[in-house]
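Note sheet for the following structure.
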Amino acid sequence: MTPAPTHAPAWATPGATRTDLPFLRHRARPRPEPTPEPEPTIERGAVASAPASPLSLDGPAGLDLASPSAPAAPLSLDAPGGLDLAPPDAVASRPSAPASPSAPAAPLSLDGPGAPLSLDGPGAPLSLDGPGAPLSLDGPAALDLSRPDATPAAPFATVTPPPAERNLVHHAAPDSVRNVAVGGGGAPATRHRALPPLLRGFPGVRGAERRVLTPDAPVVMLDRVQSGVGPLRVALASSTPMGMAVAYELDGHEGLLRGPVGGYAPSHHRPVVSLSGTTLDVDLGHVRGLSRFLVMLRAVTFDGTLVVTTLGGARIEVPLAHDGDPGEDLVALSGYVVRGALTLRAEMDVQDDGLRGATAAYGYDEITWRDRDTPVR
Amino acid sequence: MAVNLSKGGNISLTKVAPGLVHAGVGLGWDPRTTDGAPFDLDASAILLDASGKALSDHHFVFYNNLVDPSGAVEHQGDNTTGVGDGDDETITVDLSLVPAEVMRIVVLASIHDADNRRQNFGQVADAYIRVYDLDDAHNDAKVVKFDLGEDASTETALVFGEIYRNGTDWKFRAIGQGYASGLAGVISDYGLNAG
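Chains U and G supply the protein sequences, listed in that same order. With my numbering applied, the first sequence corresponds to residues 1 to 377, in that order. With my numbering applied, the second sequence corresponds to residues 1001 to 1195, in that order.
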């Protein structure tokens, strides 16, 4: 409902002094300016050398995630063929392809190498309902969710703040914002394309709903409003001492934060990802710069619950129960921004090769390391 | 000379700008000096149906969804500082593409992370919204403007105005309604849920 007016500006009153005249006299007029080419809309960090193969998610074939034979594995969006969910060890060389929502009639096949991923067709919606069947897509360029190989670990010792050179400015306004394309006589050039429809088949969460992620139902997808408004908090509820580390990719730059002291990324002035102790905060107001994150825990015994809360009060819980070996890391949760929607997945994947091994297993291969647990600043 | 509206006022865009098809909606503001925390204001638009609710989540055009499904309403980008002359953020509306079920397009702005930064619209000066003809953008006679004045205090989100159907005509209404509950509070009033 449109609210009723309650006040009128002073200048609207007869005889009152016009206060807007100085503004009008000095306000710069919009000037015609060339409009840049439309930008790709999928958030995966665009790599200049990425092959031209677009990410197509609009075809008739659906993403079938119901196969019981599909092993659980990290979701990777980096393959040349578009949405690449290949096994961790296959992600080593991973040029990114900016997705093209209007990708042509590229066949929607998930069965062969290099086949674009299509998730929007009427035929086969994305299904996660199969017993113990996390995301599964056969084929090298398909959605591969197989578990990464495990390797040895060590306790989180020191905190490494995000590299200073990663102080990124997010959402910098394009120069043309102040002088939007107003070329005389022409229609405004559209610089953005509507995002393609959300991936189908992933369960959502509404309002203050509580959702428990289980091996049978490990995924939840927030809608674009939930994914873009307010903070997202990931907090550990446990009486067992545990350390938390978070790998992230912001504007195409990867980094790592480690507890207990934690840190901020890209900077404390404008933190998008912040870790303090065993609490992670993600500023969803900058979600367009965020591609993905990975929450890892370290303890002798993993017990408790990882609790994710949204601004609107939705609560997503990841129960932790694992008797691990000393020094093991538990990759507990991954988050990927796909088509503007944040998708969370309970990974529950034990890694024993330190943070370096754990992050590498999930395709974070741009982080450089001083040792297996300490990234180079 | 631009047409200036007062709060609650409305005007036919067709009369101000005959033949208007491509409308530019410019929002501007000037953050006052603060304790150092930067102001980041975000403009957005919601496409509403006859019941006053958003048609869907996808009809909320903001920094995480720059274009509505029809392509009629497009966010031109996010200015994180509000520094400089001219409109701080712009939303364009191709009236010819607006789906028939869309009756109103509400334009609002919110302060990002306002609670943590202890910011509100009381610290923002010279907020305004203007609607103009993108095809004749230099013609001041085709501009409708609403200066929000200094009314706001603790509000962290403001509905600046709306473009709405009136039969076959399009009109603009100056609103200036503030919300202390931020962007989440505004959008919930229009049927959207941030949780």
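Even for Gly, the Cβ is constructed at its ideal location relative to N, Cα and C.
| query | Leaving out five residues before and five after S379/U in sequence, what residues of the same chain have Cβ atoms less than 8 angstroms from its Cβ? | reply | Past the edges of chain U, shown from 1 to 377, lies residue 379/U, and the structure says nothing about it.
| said: I'd like the span of the alpha helix (DSSP H) that includes G1009/G, first residue to last. | reply: For this step, residue 1009/G is matched to residue 9 along the second sequence. From DSSP, G1009/G is part of no alpha helix (DSSP H); its letter is neither H nor E.
| Is the shortest distance between the beta-carbon of S227/U and the beta-carbons of chain G less than 8 angstroms? | As a working note, residue 227/U is residue 227 in the first sequence. It does: the Cβ of S227/U has a partner Cβ on chain G nearer than 8 angstroms.
| field | Nonlocal neighbours in the same chain, by C-beta distance under 7 angstroms from L1097/G, ignoring five residues either side | value | Taking the second sequence and counting its residues from 1, one reaches residue 1097/G at position 97. If we look at L1097/G and ignore the five residues flanking it on each side, its Cβ neighbours are S1070, G1071 and A1072.
| query | Excluding the five sequence neighbours on either side, which residues of its own chain have a C-beta within less than 7 angstroms of the C-beta of A1180/G, listed in chain order? | reply | The count along the second sequence starts at 1 and reaches residue 1180/G at position 180. Cβ neighbours of A1180/G beyond the five flanking positions: T1154, E1155 and T1156.
| said: Using only the alpha-carbon positions, how far apart do H1138/G and G1026/G sit? | reply: The residue you call residue 1138/G lines up with position 138 of the second sequence. The residue you call residue 1026/G lines up with position 26 of the second sequence. So the two alpha carbons sit approximately 13 angstroms from each other.
| said: Measuring only the C-alpha atoms, how far is G357/U from P260/U? | reply: Position 357 of the first sequence, counted from the first residue, corresponds to residue 357/U. Position 260 of the first sequence, counted from the first residue, corresponds to residue 260/U. Computed Cα separation, rounded: 20 angstroms.
| query | Does any C-beta atom of chain G lie closer than 8 angstroms to the C-beta of T278/U? | reply | Position 278 of the first sequence holds residue 278/U. Cβ-Cβ to chain G under 8 angstroms: no for T278/U.
| Going along the stretch 333-346 of chain U in order, which residues come within less than 8 angstroms of chain G, judged by CB to CB distance? | Within the stretch 333-346 of chain U, the residues whose Cβ lies closer than 8 angstroms to some Cβ of chain G are G340, listed in chain order.
| message | Measuring straight from C-alpha to C-alpha, what distance separates V273/U and T279/U? | response | For the purposes of this step, residue 273/U is taken as residue 273 along the first sequence, with counting starting at 1. For the purposes of this step, residue 279/U is taken as residue 279 along the first sequence, with counting starting at 1. Per the coordinates, the alpha-carbon of V273/U lies some 11 angstroms from the alpha-carbon of T279/U.
| request: Measuring alpha carbon to alpha carbon, tell me which of R372/U, R315/U, L320/U and L344/U ends up nearest R210/U. | output: For the purposes of this step, residue 210/U is identified with residue 210 of the first sequence, where counting begins at 1. Answer by Cα proximity: R315/U.
| query | Are D321/U and T240/U touching if we call contact CB-CB under 8 angstroms? | reply | Counting from 1 along the first sequence, the entry for residue 321/U is found at position 321. Counting from 1 along the first sequence, the entry for residue 240/U is found at position 240. Per the sequence shown, residue 321/U should be read as Ala rather than Asp. No, they are not a contact pair.
| request: Locate the beta strand (DSSP E) running through S1042/G, then write down its first and last residues. | output: The residue you call residue 1042/G lines up with position 42 of the second sequence. According to the sequence provided, residue 1042/G is Asp. The question's Ser does not apply to it. Note, D1042/G: beta strand (DSSP E), L1041 to L1048.
| task | Give the range of the beta strand (DSSP E) segment to which T1156/G is assigned. | result | On the second sequence, position 156 is the one that residue 1156/G refers to. Per DSSP, T1156/G belongs to no beta strand (DSSP E) and is neither H nor E.
| request: With DSSP as the reference, label F1121/G as helix, strand or coil. | output: To locate residue 1121/G, count along the second sequence from 1; it is residue 121. Helix at F1121/G.
| query | Counting only beta-carbon atoms, is G243/U nearer than 8 angstroms to chain G? | reply | The residue labelled residue 243/U in the question sits at position 243 within the first sequence. No, its Cβ sits nowhere closer than 8 angstroms to a Cβ of chain G.
| Rounded straight-line distance, which links the Cα of A1045/G to that of G1077/G | To locate residue 1077/G, count along the second sequence from 1; it is residue 77. To locate residue 1045/G, count along the second sequence from 1; it is residue 45. When rounded, the separation of the alpha-carbon atoms in G1077/G and A1045/G is 13 angstroms.
| Does the Cβ of W1170/G have 16 or more other Cβ atoms within 10 Å, making it buried, or fewer, making it exposed? | On the second sequence, residue 1170/G is found 170 positions in, with the first residue counted as 1. Buried is the label assigned to W1170/G, since at least 16 other Cβ atoms lie within 10 Å of its Cβ.
| query | Quick one: is S93/U buried, meaning 16 or more other Cβ sit within 10 Å of its Cβ, or exposed? | reply | Locating residue 93/U in the first sequence gives position 93, where the first residue counts as 1. Here S93/U scores only 34 on pLDDT, less than 50, and its place in the model should not be relied on; the value that follows carries that caveat. Under this definition S93/U is an exposed residue.
| task | Indicate whether N1065/G and R206/U have their beta-carbon atoms separated by less than 8 angstroms. | result | Within the second sequence, residue 1065/G is the residue found at index 65, counting from 1. Within the first sequence, residue 206/U is the residue found at index 206, counting from 1. No, Cβ-Cβ distance for N1065/G and R206/U is not below 8 angstroms.
| said: For a contact defined as C-beta to C-beta under 9 angstroms, what are the partners of H1059/G on chain U? | reply: Working through the second sequence from its first residue, we reach residue 1059/G at position 59. Chain order gives no chain U residues near H1059/G, where near means a beta carbon separation below 9 angstroms; the closest approach is about 10 angstroms.
| message | DSSP has A235/U in a bridge; who is on the other side? | response | Residue 235/U sits at position 235 when you count from the first residue of the first sequence. The secondary-structure analysis by DSSP pairs A235/U across a beta bridge with T279/U and V307/U.
| message | Can you tell me whether A157/U is buried or exposed? The criterion is at least 16 other CB atoms within 10 Å of its CB, across all chains shown. | response | Against the first sequence, residue 157/U aligns to sequence position 157. Any reading at A157/U needs caution, since the residue's pLDDT is 36, under 50, leaving its predicted position unreliable; the model's value is listed next. It is exposed - the Cβ of A157/U has fewer than 16 other Cβ atoms within 10 Å.
| query | Run through DSSP, which three-state label would G1110/G get? | reply | Within the second sequence, numbered from 1, the residue matching residue 1110/G stands at position 110. The question names Gly, but residue 1110/G is Ser in the sequence shown. Three-state result, S1110/G: strand.
| task | Residues of the stretch 281-299 of chain U with a CB closer than 9 angstroms to any CB of chain G: list them in chain order, please. | result | Cβ proximity to chain G below 9 angstroms picks out D283, L284, G285, H286, V287 and R288 from the stretch 281-299 of chain U.
| Inter-residue CB distance, T310/U and L232/U (contact presumed, cutoff 8 angstroms) | Numbered from its first residue, the first sequence carries residue 310/U at position 310. Numbered from its first residue, the first sequence carries residue 232/U at position 232. Confirmed, about 6 angstroms.
| field | chain U within 8 angstroms of N1064/G, Cβ atoms only | value | The sequence position of residue 1064/G within the second sequence is 64, counting from 1. Judged by the 8 angstroms Cβ criterion, N1064/G is in contact with chain U.
| message | Alpha carbons only, please: which of D1049/G, S1051/G and W1029/G is nearest the one belonging to L1041/G? | response | Position 41 of the second sequence, counted from the start, is the residue given in the question as residue 1041/G. Distance from the Cα of L1041/G is smallest, within the candidate group D1049/G, S1051/G and W1029/G, for W1029/G.
| task | Express the C-alpha separation of D251/U and G1086/G in angstroms, rounding to a whole number. | result | To locate residue 1086/G, count along the second sequence from 1; it is residue 86. To locate residue 251/U, count along the first sequence from 1; it is residue 251. In this structure, the alpha-carbon of G1086/G lies about 28 angstroms from that of D251/U.
| Are the Cβ atoms of G1161/G and A1152/G separated by less than 8 angstroms? | Walking along the second sequence from the start, residue 1161/G turns up at place 161. Walking along the second sequence from the start, residue 1152/G turns up at place 152. Not in contact: G1161/G and A1152/G (Cβ atoms no closer than 8 angstroms).
| In terms of alpha-carbon separation, which member of N1120/G, D1126/G and L1005/G lies closest to D1088/G? | Working through the second sequence from its first residue, we reach residue 1088/G at position 88. Ranking N1120/G, D1126/G and L1005/G by CA distance to the CA of D1088/G puts D1126/G first.
| query | When burial is assigned at 16 or more other CB atoms within 10 Å of the CB, is A1023/G buried or exposed? | reply | As a working mapping, residue 1023/G is identified with position 23 in the second sequence. When all chains shown are included, A1023/G counts as buried.
| request: Give the straight-line distance between the Cα atoms of G312/U and N1193/G, rounded to the nearest whole angstrom. | output: On the first sequence, residue 312/U is found 312 positions in, with the first residue counted as 1. On the second sequence, residue 1193/G is found 193 positions in, with the first residue counted as 1. Distance from the CA of G312/U to the CA of N1193/G, rounded to the nearest whole angstrom, comes to 7 angstroms.
| said: So if I threshold CB-CB distances at 9 angstroms, which residues from the stretch 1162-1185 of chain G count as touching chain U? | reply: Those residues of the stretch 1162-1185 of chain G that come within reach of chain U (Cβ to Cβ, closer than 9 angstroms) are E1162, Y1164, R1173, A1174, I1175, G1176, Q1177, G1182, L1183 and A1184.
| query | How many angstroms separate the CA atom of V1021/G from the CA atom of D1094/G? | reply | Here residue 1021/G corresponds to residue number 21 of the second sequence, with the count starting at 1. Here residue 1094/G corresponds to residue number 94 of the second sequence, with the count starting at 1. Using only the alpha carbons, I get a separation of about 6 angstroms.
| field | Residues near V180/U by beta carbon distance below 6 angstroms, same chain, minus five either side | value | Translated into positions along the first sequence, residue 180/U becomes position 180. Interpretation of V180/U is limited by its pLDDT of 45, a score under 50 that renders its predicted location unreliable; the figure taken from the coordinates is listed afterwards. Hits under 6 angstroms: none found.
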